[in-house]
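Position 79 (the sequence shown) corresponds to 121 in our numbering; numbering is contiguous. This report concerns only the one structure given below.
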Amino acid sequence: MMLRGTVLVLMIATLAACGGRNSVQRADAPVELPFKAKLSKSEERAFSVSVEHEGKGLDELRESVRFEATKYCLGTFGGSDADWLIDPATNDWAFKQDGSRLIFNGECTAL
Numbered sequence: 043m044m045l046r047g048t049v050l051v052l053m054i055a056t057l058a059a060c061g062g063r064n065s066v067q068r069a070d071a072p073v074e075l076p077f078k079a080k081l082s083k084s085e086e087r088a089f090s091v092s093v094e095h096e097g098k099g100l101d102e103l104r105e106s107v108r109f110e111a112t113k114y115c116l117g118t119f120g121g122s123d124a125d126w127l128i129d130p131a132t133n134d135w136a137f138k139q140d141g142s143r144l145i146f147n148g149e150c151t152a153l
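Here is the structure:
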């Protein structure tokens with residue numbers, strides 16, 4: 043009887059600990075990102091991320107864009123991988139400019 047009680051307590055404790063995994067948690071960047079990016083959902087798995095470019099380097103800007111896409115794909119589809127629209131002239135991420143904002147387009151690839 044004592045063994046059944048111990049097993050029951052362990053099962054309840056384990057079940058309570060698992061409840062935290064199913065709750066929605068906010069993903070924050072581990073460090074301050076250089077730019078504020080905003081993700082907009084399109085259709086199916088497609089999305090766009092816009093960011094103020096402020097005349098800074100594209101590499102730093104991409105980290106902010108990549109973080110938003112990773113957070114969205116991981117939270118929505120369970121995987122962090124994304125395919126980005128590629129500019130054939132540069133063979134790099136394509137973007138549109140809208141005033142002082144750059145807009146990148148991608149698609150989550152997790153199944």
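By construction, the Cβ of each residue, glycine as well, lies at the ideal position given by its N, Cα and C atoms. Keep in mind it's a predicted model, so treat the numbers as computed, not measured.
Strand pairing of residue i, partner residues [DSSP]
i	result
Leu81	Val91
Asp134	Asp129
Asp123	Note: Asp123 sits in no beta bridge, so no partner.
Span of the beta strand (DSSP E) around residue i
i	result
Glu149	143-150
Residue nearest to residue i in terms of C-alpha spacing, selected from the options
i	options	result
Leu127	Gly120, Phe137, Ser84, Gly97	Phe137
Ser90	Arg108, Glu102, Gly99, Leu100	Arg108
Lys78	Arg87, Glu102, Ser106, Ala88	Ser106
Thr151	Gly97, Thr112, His95, Ile145	Thr112
C-beta contact flag for residue i and residue j at 9 Å
i	j	result
Glu149	Ala124	yes
Trp135	Arg87	no
Phe119	Leu81	no
Ser92	Asp129	no
Residue i: first and last residue of the uninterrupted alpha helix (DSSP H) it sits in
i	result
Glu102	100-119
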